[in-house]
Ligand SMILES: *Cc1c(COP(=O)(O)O)cnc(C)c1O
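Residue numbers (the numbering used here): 2 to 401.
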């Protein structure tokens, strides 16, 4: 049996929705993108949402809307994908990487607090695997360092503390303290990349909460300008007869979503509750099968529910060599697994910036025996049973 890692779940309804967009005569940013923005904001209980071509663009533009740039510092986790940190470099600010809590895949709120300076303008927590961070602890730590916060833009001042820009690339549909992820942080960025829970092939969105005294329409307008050349009129408004005039207010970027992508997103969102439910089943079945054998990320707690994006697990007693051997043996039997993540200080780009893995012992420990098992919504129970057997057998072989 061949088990891929995370193929997209594309059904007939998704295909019809894309075909309809293709036939509609409007294929780039237009009515379907605007509809997806409305539905996403409603779904994740955000005030507004702006759809873009990726979560990376969403994170970068959120930093730009906040007015973060050279001279500023932004804190993120050492245990994440490069996008959480590279966007900080893109805006010219300095990334400050923070270690995880021992035994956790999330950034440590206490270590985050210790990394705060008067230059810190935002923190990018990562809801890894779809499990929300401990936002209460994060907000509390930020409040305790309130004296150090020096706002430099009206939006920063309106937020009144270091901004929380969540990398929720994995976490659409997750909940925290009874709220949807999307309404917890100041800005929340989701990914609709092909491997993610809800896909538009490539794509993402930034959602934000209501800020006291700030016009959300104005924030939305900023996202639109930044994502479309700083042009005052989008393609759809320019097509209206007799309406050609436009201005360019800044030499901005090009990272808008197209209506073809949005058509897929609308169709996926309509059936997303069923996709989330299937992910939960699969994860609970893995949890039961591997209880006592693997230390798996806890996806469902008293106070939160995950989107069930990735099944992160640690092999007790294994080191990097045994973990890699395990992945190879499992692969030989047709099952694709992965590692999430190689901590950023192990990567050339971040080493070149001066980060050393010696300063991130907890992230390193999490990584060395981590293996991510396949979870995808078209996986059948029989396929999952096969994965469980293969992994159990390979774990047996690992024993001395
Ligand atoms: C996938 C991913 C991103 C980037 O998403 P894109 O839509 O591909 O830009 C960012 N952060 C994390 C943790 C991711 O897994």
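Note that the Cβ used here is the ideal one computed from N, Cα and C, for glycine as well. Please read all numbers here as calculations on a predicted model, not as lab measurements.
Q: Could you tell me the distance, in whole angstroms, from the CA atom of residue 232 to the CA atom of residue 148?
A: The alpha-carbon separation between residue 232 and residue 148 amounts to approximately 39 Å.
**Q.** Opening and closing residue of the alpha helix (DSSP H) in which residue 291 lies
**A.** Residues 273-291.
**Q.** Distance between residue 300 and residue 391 (C-alpha atoms, nearest Å)
**A.** Whole-angstrom Cα-Cα distance: 23 Å.
Q: Could you work out which residue in 133, 164, 79 and 11 is closest to residue 73 when comparing CA atoms only?
A: Of the candidates 133, 164, 79 and 11, 164 places its Cα closest to the Cα of residue 73.
Q: Mind the definition here: the stretch 367-380 touches the stretch 310-323 only if three or more C-beta pairs lie below 8 Å; say whether that holds.
A: Segments in contact, yes.
Q) Mapping DSSP to helix, strand and coil, what is residue 188? A) Strand, per DSSP.
Q) Any chance the CB of residue 175 is under 8 Å from a heavy atom of ligand 1? A) Taking 8 Å as the cut-off, one finds no heavy atom of ligand 1 near enough to the beta carbon of residue 175.
(Q) Between 306, 345, 173 and 319, which has its C-alpha nearest residue 206's C-alpha? (A) Comparing Cα positions, the closest option is 173.
Q) What did DSSP end up calling residue 199 once you bin it into helix, strand or coil? A) It is coil, neither helix nor strand.
Q. Within 10 angstroms of its Cβ, does residue 362 collect 16 or more other Cβ (buried), or is it exposed?
A. Flag for residue 362 reads exposed.
Q) Is the distance from the Cβ of residue 75 to the Cβ of residue 156 below 9 Å? A) No Cβ-Cβ contact shorter than 9 Å links residue 75 with residue 156.
Q.
For a test of your reading of the model: does the CB of residue 288 fall under 8 Å from any non-hydrogen atom of ligand 1? Yes or no.
A. No - ligand 1 has no heavy atom lying nearer than 8 Å to the Cβ of residue 288.
Q. For residue 1, does the three-state DSSP call read helix, strand or coil?
A. Nothing can be reported for residue 1, as the shown portion of the chain is limited to 2 through 401.
Q: Note down, in chain order, each residue of its chain lying with its Cβ closer than 7 Å to the Cβ of residue 29, except the 5 sequence neighbours on either side.
A: Closer than 7 Å at Cβ, skipping near neighbours: 236, 259 and 260.
Q. What's the gap between the Cα of residue 252 and the Cα of residue 92?
A. Spanning the alpha carbons of residue 252 and residue 92 requires a straight line of approximately 14 Å.
Q.
Taking the alpha carbon of residue 254 as the reference point, which residue from 283, 247 and 224 has its own alpha carbon closest?
A. The residue from 283, 247 and 224 with its alpha-carbon nearest to that of residue 254 is 224.
Q. Roughly how many angstroms lie between the CA atoms of residue 83 and residue 221, to the nearest whole one?
A. So the two alpha carbons sit approximately 26 Å from each other.
Q. Cβ of residue 197 within 8 Å of any heavy atom in ligand 1?
A. The answer is yes for residue 197.
(Q) Below 8 Å on the Cβ atoms is my contact criterion, and I expect residue 383 with residue 5 to pass it. Report the Cβ-Cβ distance as a whole number of Å. (A) Contact between residue 383 and residue 5 does not hold, since their C-beta atoms are separated by about 15 Å, which reaches or exceeds 8 Å.
Q | Simplified DSSP state of residue 336, which is helix, strand or coil | A | If DSSP states are grouped into helix, strand and coil, residue 336 belongs with the strands.
Q: Assign residue 329 to buried or exposed, taking buried as 16 or more other Cβ atoms, counted over all protein chains shown, within 10 Å of its Cβ.
A: Per the 10 Å Cβ criterion, exposed.
Q) Does the distance from the C-beta atom of residue 208 to that of residue 79 stay below 9 Å? A) No; because the gap between Cβ atoms is not below 9 Å, this pair is not in contact.
Q) Alpha carbon to alpha carbon, what distance is there between residue 215 and residue 347? A) Those two C-alpha atoms are separated by around 40 Å.
Q) How long is the line joining the alpha carbons of residue 211 and residue 187, rounded to whole angstroms? A) Answer to the nearest angstrom: the Cα atoms are 8 Å apart.
Q | Residue of 71, 108 and 101 minimising C-alpha distance to residue 94 | A | When C-alpha distances from residue 94 are compared across 71, 108 and 101, the shortest belongs to 71.
Q: Pull every residue with its beta-carbon under 6 Å away from any heavy atom of ligand 1, and keep them in chain order.
A: Going along the chain, the residues that qualify are 55, 56, 57, 81, 82, 84, 85, 127, 168, 170, 171, 192, 194 and 205.
Q. For the stretch 202-255, which segments carrying the alpha helix (DSSP H) assignment without a break, of at least 4 residues, lie completely within its bounds, in sequence order?
A. Every unbroken stretch of the alpha helix (DSSP H) spanning 4 or more residues and falling wholly within the stretch 202-255 is given here in chain order: 217-228 and 236-240.
Q. Would a C-beta distance cut-off of 9 Å place residue 10 and residue 379 closer than the cut-off?
A. Their beta carbons are under 9 Å apart, which means residue 10 touches residue 379 by this criterion.
Q.
Closest to residue 126 by C-alpha separation, out of 113, 357, 271 and 177, would be which residue?
A. If we check each option's Cα against that of residue 126, 113 comes out closest.
(Q) Less than 9 Å between the beta carbons of residue 178 and residue 304, yes or no? (A) Taking the C-beta atoms as reference points, residue 304 is found nearer than 9 Å to residue 178.
Q) Short check: CB of residue 151 to CB of residue 167, under 9 Å? A) Not in contact: residue 151 and residue 167 (Cβ atoms no closer than 9 Å).
Q) What number of angstroms, rounded off, separates the C-alpha of residue 250 from the C-alpha of residue 282? A) Whole-angstrom Cα-Cα distance: 50 Å.
Q. Quick one: what's got a C-beta closer than 7 Å to residue 306's C-beta in the same chain, skipping five residues either side?
A. Cβ neighbours of residue 306 within its own chain (closer than 7 Å, five residues either side excluded): 175 and 176.
Q: Give the secondary structure of residue 299 by DSSP, where H, G and I count as helix, E and B as strand, and everything else as coil.
A: For residue 299, the secondary structure class from DSSP, reduced to helix, strand or coil, is coil.
Q. What does residue 4 pair with, by DSSP beta-bridge criteria?
A. DSSP output for residue 4 lists 336 as bridge partner(s).
Q. Out of curiosity, what's the CA-to-CA distance linking residue 3 and residue 310?
A. If I take the Cα positions, the gap works out to 20 Å.
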